[in-house]
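These notes concern the structure reproduced below.
This is the structure we're talking about:
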């Protein structure tokens, strides 16, 4: 049953892939630590360059997954030191992380967060190893109707769990799916929404889309913050970046519980690191906060969200690898990257491309150890990245974006399209949308339509096939329950909890 | 920012999106397939999306959220300048070549994001040359040397 893992370690331990896992971890931590650049932006900016290297699929995926998990590590730096979360997953880290830093415990806080990240990720990677092949075996039985129902469920779960405004999340997803319909229709060869432009026949290119949506809109958004000084950029002294065994053991319960919670939340499609962080923090607070120390620099309050957000990052690989349904915005980008290599992730990947699935999982084990080894001694170096001014950062992003798109297309139309999508992304963000649903819709849209049409071809046009099987009926009911419950529950319980209004990684 | 009691941005967005939905629907209806082996065809999916989008947008129109913080005039102007710079970068990228264009655009961006002209120019020069070496020698990416330069030579 674990043959894929043995083969995977064979792949991941080759000198090239080991080097790439290391490089990915390093770049990811750096990008995650940069102000304003979370995992999703980091991958969007670095992906086209990884693509140029001409790496085989599994190596490219190992590099990108390294960047992803590394960025989750890097995101905590500014949370702890500056009280500014580097990405959505690190929002909860500020609550106890920054008070610790203000107490002069910045170093131990960074050390503890590295250890908790490691513990959370380890729990989740073990879960991924055990759970993914089992789920893949179930998923082999999925037909087009089941896949369609699964995607509906994924979008429903995302609308409810992600972002502050379910309507806007749903609109974002629909816009993403609509963008995916541009180009030649694979079923009939008809051109859709191309307006006679040959550049659009193949659809809106993935790289153009993610660079525009994330990198360009980020540049425009940063402009508003360039002249604003509402954050105290005073860096607290690091002190020793070392965490004692006693401190780790004090938090072991928090780490274990949050790691498990984070994994489960990561597996659910559409719910990423920010939900995991929030749920684990509130759970841990309820369980352990006997003396009211949470929020004033309690180590457990730092360990819980850190373990959870790294666990959810690894957990979101479960639906992506086994079902081809990304668990988060970032895994949606990774899924798109895989599609560039003509690999459609899904249940067959464990049997047909074990070197990709196994190699990735094995590299997560390796990357996790590399990250711990990098982050304990080098925290001081990474912390210095925080002080890079925007006037250096923004032009660098611009160069990476332009070269990334140019080297794939060598024509100006792609670059113009990237700018247009960038403005579109900027407007969406200003209007309170998160971009993760848009990218999920865009990546899944094509598959969703294909599966719908394949299902209806099988049934000869009878829509009943969509909910005929037990699996698909269950998914439809689960989706309906997800959409109705958040609206119904508060009325039943007469009270609701506040939501996070941050972009999800 | 307006002090209107009713939030405007979401209503406006809702109306624009309903327009988009109508446009998509009209475009989809006019997709003609000579013959098809499958019952669904290329129309149904975009049509369904258009209906869904229109429905969701109606919710926005009738239950809009609060307006966000929009840039004031000076910020909006700077935003347009940045966009103009990126557009110029695109237009000059192949014509003037990677290094000179990057130097100019990086320097202008750095200045806009709040540094002095001196530092901006040094950053521009370092980044343009540094990234050129990194991309061409390090990653083997071919970058344009500029058609204008080639025309002169």
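Residue numbers (full-length UniProt numbering), protein chains in the order written: chain A, 1 to 505; chain B, 1 to 153.
Note that the Cβ used here is the ideal one computed from N, Cα and C, for glycine as well.
The contact set of residue 388 of chain A on chain B, defined by CB atoms closer than 7 Å, is empty, because the minimum CB distance reaches about 12 Å.
Counting C-beta atoms within 10 angstroms of its own C-beta, residue 178 of chain A has 16 or more neighbours from the protein chains shown and is therefore classed as buried.
Residues of chain B whose Cβ lies closer than 7 Å to the Cβ of residue 67 of chain A do not exist, since the nearest Cβ in that chain is about 16 Å away. Annotation: Cβ neighbours of residue 113 of chain B in chain A (cutoff 9 Å, chain order): 222, 223, 226, 227, 389, 390, 391, 392, 393, 394, 395. For residue 80 of chain B, the number of other beta carbons within 10 angstroms of its own is below 16, and it is reported as exposed. A:271 is the residue among A:251, A:145, A:271, A:262 whose C-alpha sits nearest the C-alpha of residue 162 of chain A. The closest CA to that of residue 90 of chain B, considering only B:106, B:75, B:77, B:141, is found on B:106.
C-alpha of residue 276 of chain A to C-alpha of residue 90 of chain A: approximately 10 Å in a straight line. Look at residue 297 of chain A here: in three-state DSSP terms it is coil, with no helix or strand label.
Here the alpha carbons of residue 127 of chain A and residue 391 of chain A stand approximately 42 Å from one another. Within a 10 Å sphere around the beta-carbon of residue 32 of chain B sit fewer than 16 other beta-carbons, which makes this residue exposed.
A direct Cα-to-Cα measurement between residue 98 of chain A and residue 350 of chain A gives close to 42 Å.
Excluding sequence positions up to five before and after residue 473 of chain A, its CB lies within less than 7 Å of the CB of 467, all in the same chain and listed in chain order.
Residue state for residue 191 of chain A is assigned as strand, using DSSP reduced to three classes.
When the five nearest sequence neighbours on each side are left out, the beta carbons in the same chain lying within less than 7 Å of the beta carbon of residue 406 of chain A are those of 415, in order along the chain. DSSP places residue 432 of chain A outside both helix and strand once states are collapsed to three, so it counts as coil. Using a 10 angstroms sphere on the CB of residue 411 of chain A, the tally of other CB atoms stays under 16, which defines it as exposed.
DSSP places residue 142 of chain B in the coil class of the three-state scheme, outside both helix and strand. Measuring C-alpha to C-alpha distances from residue 20 of chain B to each of A:175, A:137, A:151, A:168 identifies A:175 as the nearest. Taking a beta-carbon distance threshold of 8 Å, residue 174 of chain A counts as an interface residue toward chain B. With three or more CB-CB distances shorter than 8 Å, the segment 46-55 of chain A counts as touching the segment 133-151 of chain B. Among the residues facing chain A, residue 73 of chain B is not included, as its CB has no counterpart in that chain under 8 Å away.
Look at residue 7 of chain A: its C-beta is not under 8 Å from any C-beta on chain B.
Within 8 Å of the CB of residue 449 of chain A, the CB atoms of chain B belong to 45, in sequence order along the chain.
In the structure shown, the three-state DSSP call for residue 183 of chain A is strand. In this chain, the alpha helix (DSSP H) harbouring residue 407 of chain A covers 390-409. Interface residue (Cβ-Cβ distance to chain B less than 8 Å): residue 185 of chain A is classified as such. Ranked by how close their Cα comes to the Cα of residue 148 of chain B, the residues B:94, B:18, B:119 have B:94 in first place. Near chain B, meaning a CB-to-CB distance below 7 Å, no residue of the segment 103-136 of chain A qualifies.
Sequence-ordered contacts of the segment 396-419 of chain A with chain B read 396, 398, 399, 402, 403, 406, 407, 412, 415, 416, 419 [C-beta pairs closer than 7 Å]. DSSP places residue 319 of chain A in the uninterrupted alpha helix (DSSP H) bounded by 317-323.
Judged by DSSP in its simplified three-state form, residue 69 of chain B adopts coil rather than helix or strand. For residue 74 of chain A, same chain residues with a beta-carbon under 7 Å away, outside a window of 5 residues either side, are 28, 29, 30, 31, 32, 33, 86, 382 in chain order.
Taking 8 Å as the threshold, the shortest C-beta distance from residue 31 of chain B to chain A falls below it. Secondary structure of residue 40 of chain B (DSSP, three-state): coil.
Within the same chain, Cβ atoms closer than 7 Å to the Cβ of residue 201 of chain A are found at 183, 184, 191, 194, the five residues on either side in sequence being excluded.
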